[in-house]
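Trainee: For the sequence shown, the working numbering begins at 8 and goes up steadily by one.
Think of the CB as a built atom: it goes at the ideal place given N, C-alpha and C, for glycine as much as any other residue.
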Amino acid sequence: MGDSPNGARRSDGDGSTANTTKTRKRGFLKLLGASAGGLAFGGVGTATAQSGGESYSNRLDITGANDEPAHYRIEMGRGKLRPDGSTVEKWDSATETTAEGWVPDSNGSDTYYFSGNVNDIESFEFDEGEGQVRVNGQIVDPDGLSTSPDYRTITIVGRGEPTNYVFETGYLEPYDGTSERWDESIEEEGVGVVGIDGWVTDEGSVDKYVFNGEIERFEFKQGAADVLVDTVPVDDPESLTNTRKRHRITVQGEGSPANYRFSVSGELHGMNERWDSVSGNSAEGWVTETSHSDTYTYTGTITEFEFEEGNATVRVDGERVTDPESVPESVEERYIEFKGAGEPARYTLTVTGELRVADDSTEPWDDVSESSAEGWVTDRSDVDRYVYTGELDYSLRKGDSLFTEQGKVDPDQDE
Numbered sequence: 008m009g010d011s012p013n014g015a016r017r018s019d020g021d022g023s024t025a026n027t028t029k030t031r032k033r034g035f036l037k038l039l040g041a042s043a044g045g046l047a048f049g050g051v052g053t054a055t056a057q058s059g060g061e062s063y064s065n066r067l068d069i070t071g072a073n074d075e076p077a078h079y080r081i082e083m084g085r086g087k088l089r090p091d092g093s094t095v096e097k098w099d100s101a102t103e104t105t106a107e108g109w110v111p112d113s114n115g116s117d118t119y120y121f122s123g124n125v126n127d128i129e130s131f132e133f134d135e136g137e138g139q140v141r142v143n144g145q146i147v148d149p150d151g152l153s154t155s156p157d158y159r160t161i162t163i164v165g166r167g168e169p170t171n172y173v174f175e176t177g178y179l180e181p182y183d184g185t186s187e188r189w190d191e192s193i194e195e196e197g198v199g200v201v202g203i204d205g206w207v208t209d210e211g212s213v214d215k216y217v218f219n220g221e222i223e224r225f226e227f228k229q230g231a232a233d234v235l236v237d238t239v240p241v242d243d244p245e246s247l248t249n250t251r252k253r254h255r256i257t258v259q260g261e262g263s264p265a266n267y268r269f270s271v272s273g274e275l276h277g278m279n280e281r282w283d284s285v286s287g288n289s290a291e292g293w294v295t296e297t298s299h300s301d302t303y304t305y306t307g308t309i310t311e312f313e314f315e316e317g318n319a320t321v322r323v324d325g326e327r328v329t330d331p332e333s334v335p336e337s338v339e340e341r342y343i344e345f346k347g348a349g350e351p352a353r354y355t356l357t358v359t360g361e362l363r364v365a366d367d368s369t370e371p372w373d374d375v376s377e378s379s380a381e382g383w384v385t386d387r388s389d390v391d392r393y394v395y396t397g398e399l400d401y402s403l404r405k406g407d408s409l410f411t412e413q414g415k416v417d418p419d420q421d422e
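1. Would you mind sorting R255 into buried or exposed? The rule is 16 or more other CB atoms within 10 Å of its CB.
2. What are the residues that DSSP puts in a beta bridge with A101?
3. Please report how far the alpha carbon of V328 lies from the alpha carbon of E223, in whole angstroms.
4. Out of P264, P351, L356 and V334, which has the shortest C-alpha to C-alpha gap to E344?
5. Quick check: D68 and D112, are their CB atoms within less than 7 Å of each other?
6. Given that a residue counts as buried once 16 or more other Cβ atoms are within 10 Å of its Cβ, and exposed if not, what is E210?
7. Determine the direct distance from the alpha carbon of G347 to that of V173, and round the result to whole angstroms.
8. Determine which residues share a DSSP beta bridge with S431 and list them.
9. Figure out for me which residue from G292, I163 and S192 has the closest Cα to the Cα of D233.
10. CA-CA distance, S402 and W383?
11. Which residue's Cα is closest to the Cα of T118: V95, E175, S376 and D127?
12. Excluding the 5 residues preceding and the 5 following Q229 in the sequence, name in chain order all residues of the same chain whose CB lies nearer than 8 Å to its CB.
13. What residues match up with I222 in a beta bridge as DSSP calls it?
14. Going by CA-CA distance only, name the one from E340, W98, P351 and A352 that's closest to R363.
15. Tell whether a beta-carbon distance below 7 Å holds between A5 and A265.
16. Along the chain, where does the beta strand (DSSP E) that runs through K346 open and close?
17. When the Cα atoms are used, what is the spatial distance from I81 to E132?
18. Please return the same chain residues whose Cβ sits closer than 6 Å to the Cβ of V358, not counting the five positions on each side in sequence.
19. So, helix, strand or coil for A43, using DSSP?
20. What are the boundary residues of the beta strand (DSSP E) that G138 is part of?
21. Strictly by DSSP, which residues pair up with P90?
22. Hey, how far is the Cα of A47 from the Cα of W372?
23. For S379, which of helix, strand or coil comes out of DSSP?
24. Decide yes or no for the touch test of the region 307-316 against the region 256-276: beta carbon pairs closer than 8 Å, at least 3 of them.
25. Thinking T302 and S263 are a contact (beta carbons under 8 Å), I'd like their distance in whole angstroms, please.
26. For Q259 and G317, what's the separation of their Cα atoms in angstroms?
27. Note down, in chain order, each residue of its chain lying with its Cβ closer than 6 Å to the Cβ of S289, except the 5 sequence neighbours on either side.
28. Around the Cβ of E245, are there at least 16 other Cβ atoms within 10 angstroms (buried) or fewer (exposed)?
29. I'd like the list of long-range same chain contacts for N214, defined as Cβ closer than 6 Å, with 5 residues on each side in sequence excluded.
30. Tell me, to the nearest whole angstrom, how far the beta carbon of G108 is from that of S116; I am working on the premise that it is less than 8 Å.
31. Taking only the alpha-carbon atoms, compute the straight-line gap between S42 and R89 and give it to the nearest angstrom.
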């Protein structure tokens, strides 16, 4: 990365939004197991180990279930594996990339440390019996460890001058130790690590991150650098910022197993749990302990939420929801009308939720997307009407004159 950049410092700005609190922490030495990075470095219950220059910073615990012995197999991808000699037995066998062994019952366990990231576990299976698996202290579905999510990479390459960048997404962790002590993690209350405020300096110095989800924000606060996403150069890195409003929902365990499912009206992305199921605009998953949380980003609104079993704490955009199953009914639709005043007048509007045209009222020359619109009206018989959710922002071109009307949509009345 090079020497410490001029002006590199700890920032105490919190980056808060109306319903969330963001904080900054120096470096990526420890990401909590309950964070958006869920099973990243040094999670809950992890004892970091060093061996031969390799950092075995993740912990895998395998425990028997019931009173029956269970036989397991592990295969690593990019990372390396090291058994805890105090727990494995003589009938267990392990190399740097594979392991197999037996756990006798719920009172017996085998422990391994591994380097890299949790997605470096290529496969895990119980080929005889059943058992319980914890990664960094968090109970996981063993079958999910064999399913690789759609992880992506972003690389920031220095050009020879101190460059300060900000990158925000969903799940995020540094790749192969490229993050330095002056890089600050951005954390969101109830979610965990969602971004990085970092520096590159020397020409060719590199910061690289693994992430899952959309790029919510990318900007240079000072200087400029080359940026690659999935090894592809980006001509205008700041254009990566997602201009469409995304929301975040987090389901956190309360000490006992809880099975939930929900749907949204827009796009849905899982951020950290590979054993939870996301299909189209719907998701289903399990949470257990208070240190266990699942986080998703979505556009639009939550159209359905229910617990199939148990209960858990639910937060939407950082705000706790008292009755999660009432979330779909709590989404309020409103309308806005633009009426002409006798001369052509131009308007623009954007919303933080969903936007749609009501009564086919717009004309072919009006430009309407899922969250914004730009249009024209002329005389008072010319009316453009929209229905939306979320917050509204609209403007008129200077000098134009028109009438507007706003109100709530009656769900029992046809538009």
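Mentor: According to the data block:
1. On the sequence shown, residue 255 is found 248 positions in, with the first residue counted as 1. Flag for R255 reads buried.
2. As a first step, residue 101 must be located in the sequence shown, where it is residue number 94. Per DSSP, A106.
3. If you number the sequence shown from 1, residue 328 lands on position 321. If you number the sequence shown from 1, residue 223 lands on position 216. Near 23 Å, if we compare the C-alpha coordinates of E223 and V328.
4. As a first step, residue 344 must be located in the sequence shown, where it is residue number 337. The candidate whose alpha carbon is nearest that of E344 is L356.
5. Start at 1 with the first residue of the sequence shown, and residue 68 comes out as number 61. Start at 1 with the first residue of the sequence shown, and residue 112 comes out as number 105. Cβ distance not < 7 Å, so D68 and D112 don't count as in contact.
6. Counting from 1 along the sequence shown, the entry for residue 210 is found at position 203. It counts as exposed.
7. For the purposes of this step, residue 173 is taken as residue 166 along the sequence shown, with counting starting at 1. For the purposes of this step, residue 347 is taken as residue 340 along the sequence shown, with counting starting at 1. Cα to Cα, V173 sits roughly 43 Å from G347.
8. Nothing can be reported for residue 431: it is not among the residues displayed for the chain, which extend from 8 to 422.
9. To locate residue 233, count along the sequence shown from 1; it is residue 226. D233 has its Cα closest to that of I163, out of G292, I163 and S192.
10. Taking the sequence shown and counting its residues from 1, the one referred to as residue 402 is at position 395. Taking the sequence shown and counting its residues from 1, the one referred to as residue 383 is at position 376. Looking at the two C-alpha atoms, the distance is approximately 12 Å.
11. Residue numbering aside, residue 118 sits at position 111 when the sequence shown is read from its first letter. When each option's Cα is compared against that of T118, the closest is V95.
12. As a working mapping, residue 229 is identified with position 222 in the sequence shown. The residues are G14, P169, T170 and N171.
13. The residue labelled residue 222 in the question sits at position 215 within the sequence shown. DSSP, once it has assigned bridges, lists no residue as partnering I222.
14. By 1-based counting over the sequence shown, the position of residue 363 is 356. Ranking the options by Cα distance to R363, first place goes to E340.
15. This structure leaves residue 5 out entirely; the chain is present only between 8 and 422.
16. Mapped onto the sequence shown, residue 346 falls at position 339. It spans R341 to G347 - the beta strand (DSSP E) in which K346 sits, taken as one unbroken run.
17. Counting from 1 along the sequence shown, the entry for residue 81 is found at position 74. Counting from 1 along the sequence shown, the entry for residue 132 is found at position 125. In a straight line, the C-alpha of I81 is about 7 Å away from that of E132.
18. Counted from its first residue, the sequence shown places residue 358 at position 351. These residues qualify, in order along the chain: S378, Y395, G397 and L399.
19. Numbered from its first residue, the sequence shown carries residue 43 at position 36. With a pLDDT of only 29 at A43, under the threshold of 50, the placement of this residue in the model should not be trusted; the figure read from the coordinates follows. Coil at A43, not helix or strand.
20. Residue numbering aside, residue 138 sits at position 131 when the sequence shown is read from its first letter. Counting along the chain, the beta strand (DSSP E) containing G138 begins and ends at G138 to V142.
21. For the purposes of this step, residue 90 is taken as the residue at position 83 of the sequence shown. The partner list for P90 (beta bridge, DSSP) reads Y119.
22. Walking along the sequence shown from the start, residue 47 turns up at place 40. Walking along the sequence shown from the start, residue 372 turns up at place 365. Bear in mind that a pLDDT of 32 at A47, under 50, signals an unreliable position, so the number given afterwards is only what the model happens to contain. Near 49 Å, if we compare the C-alpha coordinates of W372 and A47.
23. Counting from one through the sequence shown, the residue named residue 379 turns up at place 372. Of the three classes helix, strand and coil, the one that applies to S379 here is strand, per DSSP.
24. yes
25. Mapped onto the sequence shown, residue 302 falls at position 295. Mapped onto the sequence shown, residue 263 falls at position 256. In fact, because the Cβ distance is near 20 Å, the residues do not count as touching under 8 Å.
26. Position 252 of the sequence shown, counted from the first residue, corresponds to residue 259. Position 310 of the sequence shown, counted from the first residue, corresponds to residue 317. The straight-line gap from Cα to Cα measures roughly 12 Å.
27. Here residue 289 refers to the residue found at position 282 when the sequence shown is read from its first residue. If we look at S289 and ignore the five residues flanking it on each side, its Cβ neighbours are S270.
28. Within the sequence shown, the letter at position 238 stands for residue 245. It counts as exposed.
29. Numbered from its first residue, the sequence shown carries residue 214 at position 207. Reading the sequence as shown, one finds Asp at residue 214 and not Asn. Around D214: I163, T185, G205 and V207.
30. As a first step, residue 108 is located in the sequence shown; it is residue number 101 there, counting from the start. As a first step, residue 116 is located in the sequence shown; it is residue number 109 there, counting from the start. With 8 Å as the limit, G108 and S116 do not qualify as a contact, their Cβ atoms being about 11 Å apart.
31. Here the question's residue 42 lines up with position 35 in the sequence shown. Here the question's residue 89 lines up with position 82 in the sequence shown. Note that S42 scores a pLDDT of 30, beneath 50, so its modelled location is shaky; the value from the coordinates is reported in the next line. Each residue's alpha carbon lies about 25 Å from the other.
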